[in-house]
Structure formats: structure tokens, C-alpha cells
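Asker: Pasting a structure below so you can have a look.
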Amino acid sequence: MSNPTRYTGLVDRYRDRLPVSATTRAISLGEGNTPLIKLENIPGIIGKDVEIYVKYEGLNPTGSFKDRGMTMAVTKAVEEGSKAIICASTGNTSAAAAAYAARAGIKAFVLIPEGKIAMGKMAQAMMYGAITMQIRGNFDDGMRLVKEVADQAPVTIVNSINPYRLQGQKTIAYEIVEALGRAPDYHCLPVGNAGNITAHWMGYTEAVANQPKDQFEQVVYDAETDQFTGPKPAGLPIMAGYQASGAAPFLRGAPVANPETVATAIRIGNPQSWNHAKAVVRDSKGWFDELTDAEILEAQRLLSMYEGVFVEPASAASVGGAIRDIKAGKIKEGSVIVCTVTGNGLKDPDTAIKQCSDAVMLSIDATMEQVKGSILSNM
1 MSNPTRYTGL VDRYRDRLPV SATTRAISLG EGNTPLIKLE NIPGIIGKDV EIYVKYEGLN
61 PTGSFKDRGM TMAVTKAVEE GSKAIICAST GNTSAAAAAY AARAGIKAFV LIPEGKIAMG
121 KMAQAMMYGA ITMQIRGNFD DGMRLVKEVA DQAPVTIVNS INPYRLQGQK TIAYEIVEAL
181 GRAPDYHCLP VGNAGNITAH WMGYTEAVAN QPKDQFEQVV YDAETDQFTG PKPAGLPIMA
241 GYQASGAAPF LRGAPVANPE TVATAIRIGN PQSWNHAKAV VRDSKGWFDE LTDAEILEAQ
301 RLLSMYEGVF VEPASAASVG GAIRDIKAGK IKEGSVIVCT VTGNGLKDPD TAIKQCSDAV
361 MLSIDATMEQ VKGSILSNM
């Protein structure tokens, strides 16, 4: 066997577009390279002439898009000599941080809201060996504590305020442009802490600009000017971010003190990338909107039953929002739309099972007659 081409993860794949050197040791689990799935049935169900794709981030190693950012954050933490990382989390970040810390051979400390995390995510953090602290408070309380303790203990924060997280997460846009040969007309995604919509925009700008390696300039948000640095190419997508109605600070115009939603991954009332995300929507001529929990769960079920794509509730906000805006004409017919679905449905099996009260579950004898009768009566 000659010329092996084993995929080894995002840092190696995009090393010349990331803030690493040729000798930086990549802490990787083979993340990225996730499928871009064209929806075959939902456009017909809604009766609109559109191309809809979902970028299925649930097939990352720990089951969510967080792995893209975490490979970079932990890679750089190790390169800089850190022996421990810390994060606040609604679940997915804690799973990714714990896994990549285990891979690197360093400690992971995670703060999670007590009783407010899906059990699949809790199991991951525990199995990967993280020191898990359940706080009697919400994610925003955890985030405040993480920022405070990092000034007093030798730990590296790996939440999305860590700039390397966004550098890793931007690679999703590179993969989409490579797969489509262009950027989509619209990109829809869930918004919680707002780092992901920011990273997508950075990645699209770099990928569409297609700068030569020797002239490459990374796109970053400059807080002083409230602008993104770097190239300004044509052909970028309109960015649409969707929040849950019970956790929708962008729609309220201010932080939400006690966010509540079944979509636990976006149950965040005070996004850390607030200004970044507002700049993305402004520059892309996009929008923020909100969905009720009922609308989010309906989209989750629709995507599962008619496309075979099982995502956690927060992920379905992007699809639910896109469908509603396509029907309303806000997203134009003839458009190419990509929805990021951020996490695997197995992250939150309890919520999924609660929706399946009308699922067909038969109890029959182990006989040919009963098996055959069950098939024919349900055709």
C-alpha cells in the first residue's frame, strides 16, 4: 500500500489558514470533514423551490460542532505550556473540553448548571474524566465564575472567548465552500453564546476571498472599531441566527436573566460574542429571530422523520427558522441555503423520546403469523 491519505483533523487540514506553525503539535480526534446533506423531502413538503443543505456537525467525535474550536483551543493551550483547561457549559462544550484534555493528557474542569444539562452530555464529561462542578445557577453564572477563577488559578479558559476557538470553528465555512464550489445564498444557524455565527462569517470571508498563502490575512473582529479585519469579497451569504423564545437576548435587546428553553445548548441569556454577532448580521444584511420550544421540537421531528437526520433540539432551530422564513418569502425561492445543525440527537435522548408518544411500538409473539400481520396492517 502506498501514499496513505488518512485524514488527521482540522489543524493539519487547514494548517496554513490557522494560527499554528509547521511544528505545532495538533491535539486532534479527527474532527471536521462532516457531511453536507441535501434535504430531498422537506422542500417538497413546504412547496418551495429551494436547495436546502444541512451541515451535520453531530458527526464530530464528541457529537457536536464544539470539537472544531476545541481542537484549536487545546492545541494552543498545550503549545503554550498549560496543564489544565476550564469552561462553563450547557453540555457540549464540557464534553469537547473533557475529550480533548484527555487526548492531550491534561486536566479539564467544567462548570455546568445543576439539573439543566442533557444526560448524554453529562455522561460524556464524566466518562472523559473531567472534574465536573455542578453550580446552583445558570450558564451565565458559570461563565462569570470561569473568567474570575482564571485570574487566580493556572487554568486556560476554552469557552468561545478564547480566540482560538473561533479560529477552529471557522473551518466549517471552508468545508461548505469546498463542497458547493461557492458560498450559499443564506446560512442559518442556532445562536446561544454567538461564537459560532461569528466564526462562520470569518470562515466564509476567508474562504471566498481565497487569498494566496503568502498573502493570507486572518479575519478577526476588532472591538475598538466594531469591524471585521481582512478582505471584503463579494459573494458572501446572508447570515440568519435563531434563538429560543425563552433565551433570546438578541430579540429582547438586552441580556435575559433567567433563560429557559428545551433547547439546552442555546439556553444562554448573556452571549459572550454579543457585539461580534451583531456585526455579522449587520455586515451580511441578515437577521436574528426566535422560535418557540414547540416550533423547535416540530423542526427536530420533521428533520428526523422526513430526512433521516437526528439532531438535538437546539440544532433544529436553524432548520425551523429557515423553513418559516422560506414560507414567508424572507428567504427567496431559487436560493441555496445551508443550515448548521450543531449537535447529534443522541445528546438529549430524553427530549426525543418524549416526542414519540405516537410512535408505533408493537408487542407480539415470536411467530411468523404475528410478524406478517403486523407488517401488513401497518403498510
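Counting from 1, one number per residue, gives the positions in the sequence shown under the UniProt record's numbering. Don't be surprised by glycine CBs; every beta carbon is placed ideally from N, CA and C.
Does Gln134 come out as helix, strand or coil in the three-state DSSP assignment?
Answerer: In this structure, Gln134 counts as strand in the three-state DSSP scheme.
Asker: Should Tyr7 go down as buried or exposed, given a rule of 16 or more other Cβ atoms within 10 Å for buried?
Answerer: When all chains shown are included, Tyr7 counts as exposed.
Asker: What residues match up with Phe216 in a beta bridge as DSSP calls it?
Answerer: Phe216 is not bridged to any residue.
Asker: Quick one: what's got a C-beta closer than 7 angstroms to Ser318's C-beta in the same chain, skipping five residues either side?
Answerer: Cys188, Leu189, Pro190, Tyr242, Cys339, Thr340, Val341
Asker: Grab me the residues of Pro61's own chain with a C-beta within less than 7 angstroms of its C-beta, minus the 5 sequence neighbours each way, in chain order.
Answerer: Leu29, Gly30, Glu31, Asp67, Ala99
Asker: With DSSP run on the structure shown, which of helix, strand or coil describes Ser304?
Answerer: helix
Asker: Does Ile333 come out as helix, strand or coil in the three-state DSSP assignment?
Answerer: The sequence as given places Glu at residue 333; Ile does not occur at that position. Coil.
Asker: Count the other CB atoms within 10 Å of the CB of Ile375; is the residue buried (16 or more) or exposed (fewer)?
Answerer: exposed
Asker: With Phe65 as the anchor, note down where its alpha helix (DSSP H) starts and where it stops.
Answerer: No alpha helix (DSSP H) holds Phe65; DSSP gives it neither H nor E.
Asker: Taking the alpha carbon of Glu217 as the reference point, which residue from Thr225, Lys232, Asp226 has its own alpha carbon closest?
Answerer: Lys232
Asker: Go through its chain and collect everything with a Cβ distance to Ile296's Cβ below 6 angstroms, but skip five positions before and after it.
Answerer: Ala263, Pro313, Ala316, Ala317, Gly320
Asker: Leaving out the 5 sequence neighbours to the left and right, which residues in its chain are closer than 6 angstroms to Lys170 when beta-carbon positions are compared?
Answerer: Excluding sequence neighbours, Lys170 sits near Ala199, Met202, Gly203.
Asker: Within its chain, find whatever has a CB closer than 6 angstroms to the CB of Ser284; leave out the 5 residues flanking it on each side and keep chain order.
Answerer: Hits under 6 angstroms: Ile238, Met239.
Asker: Check whether the Cβ atoms of Ile337 and Ile52 sit closer than 7 angstroms, and answer yes or no.
Answerer: By the CB criterion at 7 angstroms, Ile337 and Ile52 fall inside the cutoff.
Asker: Which residue from Met70, Leu10, Ala279 puts its Cα closest to that of Tyr174?
Answerer: Leu10
Asker: Let me make sure I understand the geometry here. Which of Gly269, Ile176, Ala328, Leu236 has the alpha-carbon closest to that of Leu251?
Answerer: Gly269
Asker: Based on the DSSP secondary-structure assignment, which residues constitute the bridge partners of Met239?
Answerer: His187
Asker: Would you call the segment 126 to 134 and the segment 104 to 117 touching, i.e. three or more CB-CB distances under 8 angstroms?
Answerer: yes
Asker: May I ask you to report which of helix, strand or coil DSSP gives Val360?
Answerer: coil
Asker: Flag this pair as yes or no: are the beta carbons of Lys96 and Ala130 separated by less than 7 angstroms?
Answerer: It should be noted that the sequence gives Ala, not Lys, for residue 96. Taking 7 angstroms as the Cβ cut-off, Ala96 and Ala130 do not qualify as a contacting pair.
Asker: Report all residues from its chain with a CB closer than 8 angstroms to the CB of Ala257; omit the five preceding and five following residues, and keep chain order.
Answerer: Gly269
Asker: Taking the C-alpha atoms as reference points, what is the distance between Ala366 and Cys356?
Answerer: 25 angstroms
Asker: With Ile281 as the anchor, note down where its beta strand (DSSP E) starts and where it stops.
Answerer: For the sequence presented, residue 281 should be read as Val rather than Ile. Here Val281 belongs to no beta strand (DSSP E); instead the alpha helix (DSSP H) covers 274 to 284.
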